Every structure is written in C-alpha cells, then in structure tokens.
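Enquirer: Converting from the sequence shown to my numbering requires adding 18 to each position, the first position being numbered 1.
Note that CB positions come from ideal geometry on N, CA and C, so glycine has one too.
Source: prediction; values computed, not measured.
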Amino acid sequence: MGKKLTKRSEDYSKWYNELVVKADLAENSGVRGCMVIKPYGFAIWEKMQAGLDKMFKETGHENAYFPLFIPKSYLSKEASHVEGFAKECAVVTHYRLKNAEDGSGIIVDPEAKLEEELIVRPTSETIIWDTYRKWVQSYRDLPLLINQWANVVRWEMRTRLFLRTAEFLWQEGHTAHATEKEAIAEAEQMMNVYADFAENHMAVPVIKGVKTESERFAGAVETYCIEALMQDGKALQAGTSHFLGQNFAKAFDVKFANKEGQKEYVWATSWGVSTRLMGALVMTHSDDNGLVLPPKLAPIQVVIVPIYKGLEQLDTISEKVMPFVKELRKKGISVKYDDRDTHKPGFKFNEYELKGVPIRLAIGKRDMENGTFEVARRDTLEKTIVPMDEVISKIEFLLEDIQKNIYKKALGYRKEHITEVETYDEFKKVLEEKGGFISAHWDGTPETEELIKQETKATIRCIPLDSKDEEGKCIVTGKSSSKRVLFAKAY
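1) So, using beta-carbon positions, are residue 351 and residue 392 closer together than 9 Å?
2) Could you pull out every residue in the same chain whose Cβ sits closer than 6 Å to the Cβ of residue 354, ignoring the five residues on either side in sequence?
3) What is the residue span of the beta strand (DSSP E) that residue 311 lies within?
4) How should residue 130 be labelled, buried or exposed, when 16 other C-beta atoms within 10 angstroms of its C-beta is the threshold for buried?
5) If the criterion is Cβ atoms closer than 9 Å, does the pair residue 504 and residue 481 meet it?
6) So, is residue 361 buried or exposed, given that buried needs 16 or more other C-beta atoms within 10 angstroms?
7) By a C-beta neighbour count over all protein chains shown, 10 Å radius and 16 as the cutoff for buried, is residue 128 buried or exposed?
8) Does the Cβ of residue 472 have 16 or more other Cβ atoms within 10 Å, making it buried, or fewer, making it exposed?
9) Can you confirm whether residue 421, when its beta carbon is compared against all beta carbons of chain D, has any partner nearer than 9 Å?
10) Quick check on residue 183: does DSSP put it in helix, strand or coil?
11) Can you grab the Cα-Cα spacing for the pair residue 399 / residue 420, in whole Å?
12) Could you give the distance in angstroms between the alpha-carbon of residue 99 and the alpha-carbon of residue 290?
13) Kindly indicate the opening and closing residues of the beta strand (DSSP E) around residue 274.
14) Can you tell me whether residue 448 is buried or exposed, with buried defined as 16 or more other CB within 10 angstroms of its CB?
15) Starting from the N-terminal side, write out each stretch of the alpha helix (DSSP H) that is 4 residues or longer and does not extend beyond the region 36-122.
16) Give me the Cα-Cα distance between residue 199 and residue 262, rounded to the nearest whole angstrom.
17) For residue 183 versus residue 53, is the C-beta distance shorter than 9 Å?
18) With DSSP as the reference, label residue 140 as helix, strand or coil.
19) Roughly how many angstroms lie between the CA atoms of residue 459 and residue 488, to the nearest whole one?
20) If you follow the alpha helix (DSSP H) that residue 525 is part of, which residue opens it and which one closes it?
21) According to the neighbour-count rule (16 or more other Cβ atoms, all chains shown, within 10 Å of its Cβ), is residue 20 buried or exposed?
22) Which class does residue 20 belong to by DSSP, given the choice of helix, strand or coil?
23) For residue 380 and residue 323, which I take to be in contact (beta-carbon distance under 8 Å), what is that distance rounded to the nearest angstrom?
24) Any chance the region 143-158 sits against the region 54-64, with 3 or more Cβ pairs inside 8 Å?
25) Under a three-way DSSP split, which group does residue 505 fall into?
26) Roughly how far, in whole angstroms, is the beta-carbon of residue 224 from the beta-carbon of residue 253, given that I think they are within contact range, below 8 Å?
27) Are three or more beta carbon pairs between the region 210-220 and the region 71-78 nearer than 8 Å?
28) Have a look at the DSSP bridge pairing and note the partners of residue 228.
29) Assign residue 313 to one of two classes, buried (16 or more other C-beta atoms within 10 Å of its C-beta) or exposed (fewer than that).
30) When you compare only the Cα positions, how much space is there between residue 163 and residue 97?
31) Rounded to whole angstroms, how far is the Cβ of residue 201 from the Cβ of residue 244, which I believe are closer than 8 Å?
32) Since residue 159 and residue 274 should fall inside the 8 Å C-beta cutoff, what is the C-beta to C-beta distance between them, to a whole number of angstroms?
33) Please report the residue range of the beta strand (DSSP E) in which residue 257 lies.
34) If you drop the 5 nearest sequence neighbours on each side, which residues of the same chain put their C-beta closer than 7 Å to that of residue 412?
35) In chain order, what are the residue ranges of uninterrupted alpha helix (DSSP H) at least 4 long that sit wholly in the region 388-430?
36) In whole angstroms, what separates the C-alpha of residue 66 from that of residue 249?
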C-alpha cells in the first residue's frame with residue numbers, strides 16, 4: 019500500500035484530508051457537504067459512543083429519541099436561538115413529488131405544499147422543550163435527564179470531513195431541574211465528563227473554560243467548553259455544555275409545582291459532542307506515516323502478520339498463533355490475525371501503520387524456531403523481539419504505555435504552545451510565527467473581541483476555569499483587566 023501522504027510540515031490541511039480518505043475513515047458523498055463514514059471510521063465512532071454513553075448513564079442520564087423535523091414556529095419562540103441558527107437551517111416546504119406532464123422527469127408537486135414549513139433539526143432544544151411541557155408537572159418529575167444520539171443538519175458552505183459538514187452525527191443532552199444551582203451543577207458536570215473522556219479515552223489534553231458572551235450557544239446564559247490544540251497550532255472546540263437558565267422553559271411554558279404547590283419555571287441545560295471528535299483524534303496524534311490511535315479507541319488494538327513461504331508454512335504459523343489470538347480476546351483485547359494470501363507482509367505493515375493500529379506482531383520461520391515474536395508499537399515505531407511466553411504481558415503493558423505516551427506527547431506540545439503576551443504587536447507576532455494558545459489580557463468588551471477577530475482571525479477560545487486573578491491591561495485598549503483569556507486561530 020503506497021501511502022504517499024503529504025507531509026504535515028508542507029501542507030497540514032492537505033495532509034489531514036488525504037489521511038482521512040486513505041486510512042478509510044470517511045469520504046465525500048454525492049450530496050455536497052455531506053460525508054460517508056466508512057466502516058473503519060465508524061468503528062472508532064462506535065467506541066467513542068460506547069465510552070460516552072457509559073459515562074452518561076453512570077451520571078443518571080437516559081437515552082431517548084426526538085423527531086428530525088421541527089415546525090418553523092417552534093424555532094421562533096426563543097429569539098436569540100433562532101437568530102443563532104437561522105442562516106444554517108434546511109427547510110422542508112413540500113411533501114410530495116410527481117412526474118412532470120411533459121415527461122422531463124420528477125418535479126415537486128405544487129399542490130403538496132406544507133401548511134407550516136419544517137426545519138431539519140440543527141439542534142433539538144425547541145422540539146424537546148415542547149415535549150417536556152407535557153412531561154413535567156411536579157417537582158417529583160425532576161430532574162429530567164435525557165440524552166439523544168442523532169444526526170443534525172447545519173448548512174455549511176465550506177466543509178471538511180469530520181470537522182465541518184452539513185450533516186453530522188452527535189449526541190445532545192437536554193435536562194430540566196428544579197433549581198438554578200442544580201442546573202449549573204449539571205452543566206459543569208457534563209463539561210467534566212467530556213474532559214474526562216477526551217483525556218482518558220482520546221488521550222487529548224483539553225482546557226476547561228467558559229465562552230465569552232459573543233461566543234456562547236444561541237439562547238444560553240453560560241457556555242462551558244473544552245478546548246484542544248491541534249498539531250498545526252490551531253484550536254478545536256471539542257465539546258460544549260450550556261446552562262440555559264429559564265429561557266427555553268419560559269418560551270415553551272414548562273412549569274412545575276414546587277413542594278409548596280406554587281408554579282415555577284424549570285431550569286435547563288443542554289450539552290453535546292459530535293463526530294468533530296474524530297477530527298480532533300486524527301489531528302492531535304497522527305504523523306506523516308498515518309494515523310496514531312489511542313488503544314482505548316482503536317478498532318484493532320493488535321494485528322498479527324505471518325511471514326511465510328507456501329501454505330504449509332502458513333498452516334504451521336497459524337497453528338502456533340491461534341492460542342495467542344484466543345488468549346488476547348479473552349482479555350478483551352481486539353486482535354486481528356491477517357493471514358490473507360493476496361497481499362505481501364510489506365503491504366500489510368504499511369496498511370496497519372497507516373490505519374494507526376497500536377501494536378503489530380510479526381512471526382516468521384525464524385521466529386518459530388526461536389520461540390519469539392517481533393513486536394512493533396505504532397506511536398514510536400520501535401521494534402523489539404519478545405519471547406512467546408512473555409508476549410501477552412508485553413502487549414498488556416504496551417497498550418497502557420502507548421495510551422499514556424501519546425497523551426504525554428500531546429500535553430507537551432500544548433505546554434510549549436501556550437504563550438503569555440503583554441502587547442498587541444507581540445500577540446500578532448506569536449500568532450503568525452508560533453501559533454497555539456495565546457494568553458492575554460482583554461478588556462471584556464465584545465467590540466475589542468470583534469476587532470481582534472477581524473484583524474487577526476483569532477478568537478477568544480475560552481476564559482479558563484483555572485485562570486488566576488491577575489491585574490493587567492488589555493493588549494488593544496489598555497483598559498484594566500482582572501484575568502487572562504486564551505486566544506487562538508481555530509477550526
């Protein structure tokens with residue numbers, strides 16, 4: 019398999035696009051802006067789903083499903099929400115097609131116009147809160163902790179596989195609470211769940227913070243986020259959790275009777291991550307040879323490649339290998355024994371390196387005689403000869419070590435790419451020459467935030483939760499500032 023990937027140093031964007039396609043993760047579809055997620059890519063997404071779903075259920079959430087279509091009138095009930103999504107909405111106006119009378123093909127039947135247009139969901143707050151009105155009557159019905167796994171459509175004009183597509187897969191949590199304190203605690207808890215998943219499953223270090231007012235989710239009182247840094251020095255928002263206050267409860271009249279029998283509006287949150295995490299995974303760890311996958315999310319954790327001449331030798335190797343395959347599977351380790359006779363070992367080595375399989379074992383005639391395996395780890399490309407009676411424990415060690423090592427490497431890169439600046443000139447220089455996160459003072463106004471964005475294309479990624487109080491002056495206006503915020507160019 020000829021990889022021939024563009025080097026990251028030459029063209030990072032081109033490298034990413036080539037890798038996603040060549041590693042069989044996804045490809046562009048016949049529908050502009052939409053993608054086909056291929057089996058290998060979907061297997062990684064399934065592992066992400068399984069990990070997250072377990073964490074959601076452990077925190078008391080249940081899965082449900084709500085309609086794909088939202089009546090247009092629902093969106094207009096929460097003003098800032100509709101304003102935030104209006105330009106991205108796909109609209110259904112008719113419900114039937116017919117053959118054209120002149121035989122030219124199929125046309126939309128003008129007689130089949132919907133009384134009210136339907137919006138293909140860009141997010142589900144409105145349809146869900148209309149439903150919650152029926153579900154919530156008393157404090158006994160609260161908290162309501164619901165998640166849905168679904169697809170959404172946001173009509174993007176400039177698309178890139180996984181990072182920005184017109185249709186994407188995600189999960190969206192929507193919860194209702196009796197008190198403001200409970201809802202804020204929920205929003206913070208889910209941000210922490212996302213951070214835990216990113217760091218301990220994806221091996222992606224993230225910074226937890228809150229968004230500025232202009233960067234908040236449409237209709238939110240507060241937006242919590244996790245921000246990751248890619249190898250090209252650009253940031254990627256990896257997950258968000260929103261405290262919605264009572265905005266949606268009031269818009270959809272969702273009230274409950276408290277313990278004293280008085281009617282109150284509920285307090286709300288919503289939170290979500292999407293297939294954008296796949297892009298984060300690729301861009302955080304992968305190299306010029308292909309994908310580098312964390313063992314916890316790799317569809318194949320171990321691949322065994324036999325090196326042989328003739329079917330008789332293959333049979334002998336297979337007989338020796340199968341007990342190891344069974345033992346690894348018993349331990350919950352996903353393993354593939356690639357005994358295809360249609361491809362040479364060199365092709366297979368390249369293929370699994372490109373696909374980021376964490377551990378590769380090779381075994382040939384000499385290994386059989388010596389009672390050894392050649393063991394290669396994907397993250398460092400190191401090879402070692404390991405006795406057969408030690409190979410299972412070696413694999414168990416390596417799976418943990420690779421997971422830790424790629425996290426450590428990504429964390430090291432991020433630490434090197436957080437730069438404190440004091441002036442706007444210094445800000446611009448670091449942004450162009452080094453990239454990464456820039457820690458700087460800001461006067462807190464949306465006008466200054468917008469000016470910086472227009473002049474440099476950098477945005478405030480977040481106000482870090484661990485940001486210390488520190489008196490300073492805004493890099494642009496010189497006005498006083500009490501803490502630093504993180505800027506970066508972003509995906």
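Expert: In this structure, then:
1) no
2) 318 and 321
3) For residue 311, there is no enclosing beta strand (DSSP E), since its DSSP letter is neither H nor E.
4) exposed
5) yes
6) Residue burial is scored here from C-beta neighbours: residue 361 has fewer than 16 other C-beta atoms within 10 angstroms and is therefore classed as exposed.
7) exposed
8) exposed
9) In the structure shown, chain D cannot be found, because there is only a single protein chain.
10) coil
11) 11 Å
12) 16 Å
13) Counting along the chain, the unbroken beta strand (DSSP E) around residue 274 starts and ends at 273-275.
14) Per the 10 Å Cβ criterion, buried.
15) 57-76, 90-93 and 97-103
16) 12 Å
17) yes
18) Residue 140 sits in coil when the DSSP states are folded into three classes, being neither helix nor strand.
19) 9 Å
20) The shown model of the chain, from 19 to 509, leaves out residue 525, and the question about it has no answer.
21) Summary for residue 20: the model assigns pLDDT 48, below 50, so the residue's position carries little reliability; its value from the coordinates is reported in the next sentence. Counting Cβ neighbours within 10 Å, residue 20 comes out exposed, since fewer than 16 surround it.
22) Here the model assigns residue 20 a pLDDT of 48, short of 50, so the residue's position is not dependable and the matter cannot be decided.
23) 5 Å
24) no
25) Here residue 505 sits in strand by DSSP.
26) Not a contact, Cβ separation roughly 10 Å.
27) Result yes; three or more Cβ-Cβ pairs closer than 8 Å.
28) Residue 228 is bridged to 242 and 481.
29) Looking at its Cβ environment, which holds 16 or more other Cβ atoms inside 10 Å, residue 313 is buried.
30) 25 Å
31) Wrong, their Cβ atoms sit about 19 Å apart, outside the cutoff.
32) So it is a contact: roughly 6 Å between Cβ atoms.
33) Secondary structure note for residue 257: its beta strand (DSSP E) is the uninterrupted segment 253-263.
34) 393 and 404
35) none
36) 21 Å
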